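Residue numbers (the working numbering): 4 to 93. These notes are about the structure you will find just below.
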C-alpha cells in the first residue's frame with residue numbers, strides 16, 4: 004500500500020536551519036519516482052539554506068489536532084529548464 008493511501012504525510016526537515024515542511028506522498032512520488040522516504044531526504048535540497056546534506060525525511064500518520072494544523076507544501080507544476088550551450092568553430 005502506498006503511503007498516500009494509508010493517510011501518511013511526509014515530514015522533511017533540514018538539520019542545519021531547522022525548517023520542517025510537510026508533503027503529500029503522492030506528490031513526492033510524482034517528482035522523485037517510486038523511491039523510499041530515506042532516498043527522498045537525500046535527493047531534496049533545503050529552499051532556505053540551499054544545502055542537501057542536512058535533509059532528513061520520514062513518514063508519519065497525523066492524528067487529531069496535528070492532522071488539522073499541518074500546512075502541506077503542494078506541488079503546483081514541474082518545469083523543465085532548457086539550457087542551450089554554444090561553441091565557436093575553430
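Quick reminder that beta carbons are idealized off the backbone N, C-alpha and C, glycines included. Model, not experiment: these values are computed from the prediction.
ask   = Where does residue 64 fall in DSSP's three states?
value = coil
ask   = Looking only at C-alpha atoms, which of 73, 82, 22 and 26 sits nearest to residue 54?
value = 22
ask   = When you compare only the Cα positions, how much space is there between residue 12 and residue 62?
value = 6 Å
request  = Pull up the distance between the alpha-carbon of residue 36 and that of residue 75, whole angstroms please.
outcome  = 19 Å
query = In its own chain, which residues sit with a C-beta less than 7 Å from the C-beta of residue 18, not counting the 5 before and 5 after it?
reply = 57 and 59
CA nearest to the CA of residue 78, picked from 90, 29, 15 and 47 = If we check each option's Cα against that of residue 78, 29 comes out closest.
inquiry  = Excluding the 5 residues flanking residue 31 on each side, which residues of the same chain have their C-beta closer than 6 Å to its C-beta?
reply    = 13 and 43
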